[in-house]
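Colleague: Numbering (the numbering used here), first residue to last: 127 to 328. C-beta: ideal position from N, C-alpha, C; glycine also. As the structure is a computational prediction, the values presented were derived from the model and not from experiment.
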């Protein structure tokens, strides 16, 4: 499964584009969302952060949180009387899966306040990765609908071109995630500041 994380990330994922009207394109779908948590322990910010290091998900490297997704497609390939093939519709079924830590419920008030700030920032970070995934899927959808290959009665050429583009968009999404993580985790970055505030706080 493709993984994009904090601190990592992932993916399920010429011919002519025929001029299908927007009304013929796949519209109205929305991604599903799933939130997973892992329990951590401690009653100080430093102890909580240490527990994250011990129990956090592994996504290439040890992570605080990560975002993955499940993606399937319903595609309608239509051979044409002239021997061409058109991908008439492509409707995604996307679930974005977030994983982040869950602290004990009975934290001291000052620690609880520090934790709320930290986990809110982590969630904000991961949801940007979710937006990157959604953007990738929309780009795939836009490229797919109306894709046409000439001399393709078995719809093999159109599939090959689509797969090539899927790979390009997947790589683009991964790089976008890596760049975002680097900025956020670099000294002075937003997530770096969140980590310091938690670990050095009450």
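Give me the Cα-Cα distance between residue 277 and residue 262, rounded to the nearest whole angstrom.
Modeller: Position 151 of the chain shown holds residue 277. Position 136 of the chain shown holds residue 262. Taking the straight line joining both Cα atoms gives about 29 Å.
Colleague: Please go through the segment 235-280 and give each complete alpha helix (DSSP H) segment of 4 or more residues, from N-terminal end onward.
Modeller: 235-270
Colleague: What's the gap between the Cα of residue 231 and the Cα of residue 238?
Modeller: Taking the first residue of the chain shown as 1, we reach residue 231 at position 105. Taking the first residue of the chain shown as 1, we reach residue 238 at position 112. Rounded to whole angstroms, residue 231 to residue 238 spans 8 Å at the Cα level.
Colleague: Per DSSP, what kind of secondary structure is residue 150 in: helix, strand or coil?
Modeller: Here residue 150 refers to the residue found at position 24 when the chain shown is read from its first residue. Residue confidence for residue 150 is low, a pLDDT of 38 falling below 50, so the modelled location carries little weight and cannot support an answer.
Colleague: I need the boundaries of the alpha helix (DSSP H) containing residue 174, first residue and last residue.
Modeller: Start at 1 with the first residue of the chain shown, and residue 174 comes out as number 48. Note, residue 174: alpha helix (DSSP H), 171-181.
Colleague: If you run the structure through DSSP and keep just helix, strand and coil, what is residue 321?
Modeller: What you label residue 321 is simply residue 195 of the chain shown in a count that begins at 1. In the structure shown, residue 321 sits in a helix (DSSP, three-state: H, G or I).
Colleague: So for residue 297, helix, strand or coil by DSSP?
Modeller: The residue given as residue 297 occupies position 171 in the chain shown. Note: residue 297 maps to helix in three-state DSSP.
Colleague: On the DSSP bridge list, what partners appear for residue 228?
Modeller: By 1-based counting over the chain shown, the position of residue 228 is 102. Paired residues: 165.
Colleague: For residue 216, does the three-state DSSP call read helix, strand or coil?
Modeller: Indexing the chain shown from 1 puts residue 216 at position 90. Look at residue 216 here: in three-state DSSP terms it is strand.
Colleague: Quick check on the DSSP output: the beta strand (DSSP E) that includes residue 199 runs from which residue to which?
Modeller: Along the chain shown, read from residue 1 onward, the residue named residue 199 stands at position 73. Unbroken beta strand (DSSP E) run through residue 199: 191-205.
Colleague: I'd like to know whether the C-beta of residue 166 is nearer than 8 Å to at least one C-beta of chain B.
Modeller: Among the chains of the structure shown, chain B does not appear; only one protein chain is present.
Colleague: If you draw a straight line from the alpha carbon of residue 298 to that of residue 235, how long is it in whole angstroms?
Modeller: On the chain shown, position 172 is the one that residue 298 refers to. On the chain shown, position 109 is the one that residue 235 refers to. Approximately 43 Å between the Cα atoms of the pair.
Colleague: Could you round the C-beta distance between residue 288 and residue 273 to whole angstroms and report it? I think they count as a contact, below 8 Å.
Modeller: In the chain shown, residue 288 corresponds to position 162, counting from 1. In the chain shown, residue 273 corresponds to position 147, counting from 1. That pair is a contact at about 6 Å.
Colleague: Can you check which of these residues, 316, 203, 212, 179, is closest to residue 252 by C-alpha distance?
Modeller: Position 126 of the chain shown holds residue 252. Comparing alpha carbon positions, the residue from 316, 203, 212, 179 closest to residue 252 is 316.
Colleague: With a threshold of 6 Å on Cβ separation, who are the neighbours of residue 172 within its own chain once the five nearest residues in sequence on each side are excluded?
Modeller: Reading the chain shown from its first residue, position 46 is the one you call residue 172. Apart from sequence neighbours up to five positions away, the residues of its chain that approach residue 172 with a beta-carbon distance below 6 Å are 325, ordered along the chain.
Colleague: Do you know offhand how far residue 139's Cα is from residue 181's?
Modeller: If you number the chain shown from 1, residue 139 lands on position 13. If you number the chain shown from 1, residue 181 lands on position 55. Confidence is the limiting factor: at residue 139 the pLDDT is only 27, short of 50, which leaves the residue's position unreliable and the question unanswerable from this model.
Colleague: With a cut-off of 8 Å, do at least 3 Cβ pairs link the segment 189-206 to the segment 241-252?
Modeller: yes
Colleague: Specify whether the segment 215-232 and the segment 157-165 touch according to this definition: at least 3 beta carbon pairs, one from each stretch, less than 8 Å apart.
Modeller: These segments touch.
Colleague: Helix or strand or just coil, what does DSSP make of residue 158?
Modeller: As a working mapping, residue 158 is identified with position 32 in the chain shown. If DSSP states are grouped into helix, strand and coil, residue 158 belongs with the strands.
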